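Okay, so here's the structure we're looking at.
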Amino acid sequence: MRLRALLDTDALGLRLLGGEEELDRTVRGVMTTDLRDPSRYLSGGELVLTGLAWHREPADSERFVRILTAAGVAGLAAGEAELGSVPEDLMVACARHRLPLFSVVEDVSFASITEHVVRQVSSERAGDLAAVVDRHRRLMSAGPAGGGLEVVLDLLGSDLDLRAWVLSATGRQIAGSALAGQGPALPAALRARLAGEHLAAVRAGRRWPHRVTAGAGTTYSLFPVGGGGREAPREGHEVRETVLSEWLLVVEADAGDWPEERLDLLQGVTQLIAVERDRRDAARTVRRRLAQEVLELVQAGAPPAEIAARLRVAAPVLLPGLGTAPHWQVVIARVEWSGTEVAGGPVAQALLEEILVDPTAPGPEPSDRIAVAHTGDEAVALVPLPALAGDAPDAEPAVRADALLATVREPLAHGLADDGRLTIGVSAAVLSAEGLRGAVEEARHARRVAAARPGSVCAAGHQELASHVLLLPFVPDDVRRAFTARLLDPLREYDRRHRAELVPTLEAFLAADGSWTRCATRLHLHVNTLRYRVGRIEQLTGRDLSRLEDKLDFFLALRLG
1 MRLRALLDTD ALGLRLLGGE EELDRTVRGV MTTDLRDPSR YLSGGELVLT
51 GLAWHREPAD SERFVRILTA AGVAGLAAGE AELGSVPEDL MVACARHRLP
101 LFSVVEDVSF ASITEHVVRQ VSSERAGDLA AVVDRHRRLM SAGPAGGGLE
151 VVLDLLGSDL DLRAWVLSAT GRQIAGSALA GQGPALPAAL RARLAGEHLA
201 AVRAGRRWPH RVTAGAGTTY SLFPVGGGGR EAPREGHEVR ETVLSEWLLV
251 VEADAGDWPE ERLDLLQGVT QLIAVERDRR DAARTVRRRL AQEVLELVQA
301 GAPPAEIAAR LRVAAPVLLP GLGTAPHWQV VIARVEWSGT EVAGGPVAQA
351 LLEEILVDPT APGPEPSDRI AVAHTGDEAV ALVPLPALAG DAPDAEPAVR
401 ADALLATVRE PLAHGLADDG RLTIGVSAAV LSAEGLRGAV EEARHARRVA
451 AARPGSVCAA GHQELASHVL LLPFVPDDVR RAFTARLLDP LREYDRRHRA
501 ELVPTLEAFL AADGSWTRCA TRLHLHVNTL RYRVGRIEQL TGRDLSRLED
551 KLDFFLALRL G
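Heads up, the sequence shown is in the working numbering, so the first residue is 1 and it goes up one at a time.
Following this line, the structure appears as structure tokens:
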């Protein structure tokens, strides 16, 4: 039970004197004492009742409160019978140590308060202990291997009356208990908010469970799946490597006043869910290998016939029962963290495998039809499009950049916080292996367009390249030459006279998506030197490399030149 609940019972005669902000503390027991040092009898979480017989001088209050605080007691209740009122120095000491302080009126006995607290705490523990013994055995025997995630969640619902859901880091529902299905389903906006709150808590290093109040005052408790015990939160590289791909368990309850036994049970549930998640990840191995093989063939310049043969092998794996190889789209993603050496490729790979799933599709397996490889800091997804009929040029692709991040932008922004960035590029659909290499390049260019935009989560599609990269080859040669000369000739002339390497610097700066640190590292320059060179480029051309339009013009000029 919580301290706050004591104030809801008028018969206890308790009046709050200080520590209102600490009333969510959990009470696990009660102790009556007038000893000057009761520490050897305290184990933490107690409501301490005292008649103040130990109080002789003001300094006694500071010493007594310091002992209680060190022992981890939940609160202190002082009777008024001995001194008539609670001493001012005791209130000051409790305020200094953030210890909630109550006064007990003279006509209420400590025995009645003790009986009330013990009755409340004992009934909770008895129910939860029985649940731990029986439910834990049933969960372990009927876990994911014996019926899927729903079996685990249904036991929470039927035996502990808890509505529960498993969500991905993007807010997609992986599973829900039958009890959860009896009421209104979690709306997409609420799922996104819960996932975002969870990611923000993980990035901030807060201990779980994380509690969120939403809607009409409903409280949800969020538990990380497979995050280990309630030890010190993970930090640094470890969090960045996994935070965007983890699942979370959502329980419609306020776990703030749960006893340790019930929290231990929920931890066991998250470990069972983690087994299912690991099984899902292992099943992706074949699809990842197929994607990696195709990507390596494309990047190595393999003949289209060889690429087509590999795609024919991939099609039955990704789309069982499909008679012919489908059309394909390519999606490229990049996750970058500032000030860290965390490899972005594997993070982007796991994230794409989730983002490319229909957000309304439940269950852990819809990503069976997506193959994602990673190379360097980027991930490349091959998305089959069985719905496209014939070679219709106006057929609508399955993946559109403008809709791709609509449901996941909010939670991912929390997970990326202020030191991460996700950029995504989407190609048009291609009809054969001959077009796959162009689709990879198209998606890569689109991602660079997205990277030039502000924000931590950005995407761009092939439509945004159509008026530039795809149409420029049809512009008359003299117009193209004039465009390139106007932008690059001043830089080339300056490089010729001063050996300043402004053009290579410009190429590296655009390739690094405008990142000063990454560009300086690639060029083995000090950041101040890089800033000087970029400033000189802007001065000579009259352009501003912080503007998207000017970045695109330089990019196109370099491509055409």
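Backbone N, C-alpha and C fix where the C-beta goes; we use that ideal spot for every residue, glycine too. Note that the structure is predicted; figures quoted are calculated from it, not measured.
- Between the beta-carbon of threonine 270 and that of proline 224 there is about 7 Å, and that keeps the pair under the 8 Å contact cut.
- Excluding five sequence positions before and after alanine 348, the CB atoms of its chain that fall closer than 7 Å to its own CB belong to Ala333, Arg334, Val335, His374, Glu378 and Ala379, given in chain order.
- Assigned with DSSP and collapsed to three states, serine 177 falls in coil, not helix or strand.
- Around the beta-carbon of aspartate 8, fewer than 16 other beta-carbon atoms lie within 10 Å, marking it exposed.
- In this structure, proline 100 sits near glycine 75, with a CB-CB distance shorter than 7 Å.
- In terms of Cβ geometry, valine 357 and alanine 439 do not form a close pair [threshold 7 Å].
- For glutamine 299, the enclosing alpha helix (DSSP H) covers residues 285–299.
- Annotation: arginine 559 to glutamate 354 spans about 33 Å, alpha carbon to alpha carbon.
- With a cutoff of 7 Å on beta-carbon distance, histidine 327 and leucine 266 are scored as not near each other.
- Partner residues in the beta bridge of histidine 327, as assigned by DSSP, are Leu385.
- Cβ-Cβ distances below 8 Å link leucine 190 to Ala214 and Gly215 in the same chain, with the five nearest sequence neighbours on each side left out; the list follows chain order.
- When rounded, the separation of the alpha-carbon atoms in leucine 6 and glycine 13 is 9 Å.
- Contact check for glutamate 150 and serine 177: beta-carbon distance about 7 Å, within the 8 Å limit, so the pair qualifies.
- Between the alpha carbons of alanine 309 and cysteine 458 lies a distance of about 34 Å.
- A contact between stretches requires three or more CB pairs, one per stretch, nearer than 8 Å, and the region 280–288 fails this requirement with the region 250–260.
- Cβ-Cβ separation between leucine 222 and leucine 194: approximately 6 Å, consistent with a contact (criterion under 8 Å).
- The straight-line gap separating the alpha-carbon atoms of leucine 351 and glycine 171 is approximately 12 Å.
- Of all alpha-carbon atoms in Asp34, Glu252, Arg203 and Gln120, the one lying nearest the alpha-carbon of aspartate 161 is that of Glu252.
- Looking at Ser427, Arg499 and Pro58, the one whose alpha-carbon comes closest to that of cysteine 94 is Pro58.
- If you draw a straight line from the Cα of glutamate 261 to the Cα of proline 209, it comes to about 14 Å.
- At the C-beta level, valine 342 and arginine 499 stay beyond 7 Å of one another.
- Nearest to tyrosine 532 by alpha-carbon distance, out of Thr218, Gln292, Arg206 and Phe509, is Phe509.
- In the structure shown, histidine 414 falls within a helical segment according to DSSP collapsed to helix, strand and coil.
- CA-CA distance, glutamate 442 to alanine 450, rounds to 12 Å.
- One Cα belongs to glutamate 20, the other to threonine 114, and the distance between them is close to 21 Å.
- In this structure, leucine 540 sits near proline 490, with a CB-CB distance shorter than 7 Å.
- Scanning the region 516–543 from its first residue to its last, the whole alpha helix (DSSP H) runs of 4-plus residues come out as 516–523 and 527–541.
- In the DSSP assignment, the residues bridged to leucine 249 are Val166 and Phe223.
- Secondary structure note for alanine 59: it is in no beta strand (DSSP E), and the uninterrupted alpha helix (DSSP H) holding it is 58–71.
- Its chain contains Gly345 as the residues whose beta carbon lies nearer than 7 Å to that of glycine 376, once the 5 sequence neighbours on both sides are disregarded; these appear in chain order.
- In terms of Cα proximity to threonine 484, the closest of Arg547, Ser427, Leu552 and Pro304 is Leu552.
- The three-state reading of DSSP puts valine 408 in coil, since its state is none of H, G, I, E or B.
- Residue state for histidine 498 is assigned as helix, using DSSP reduced to three classes.
- A distance below 8 Å between beta-carbons, with the five flanking residues on each side excluded, links glutamate 22 to the following residues of its chain, in chain order: Leu3, Gly75, Arg98, Leu99 and Pro100.
- Closest in C-alpha terms to leucine 506, from the list Leu318, His524, Arg486 and Leu545, comes Leu545.
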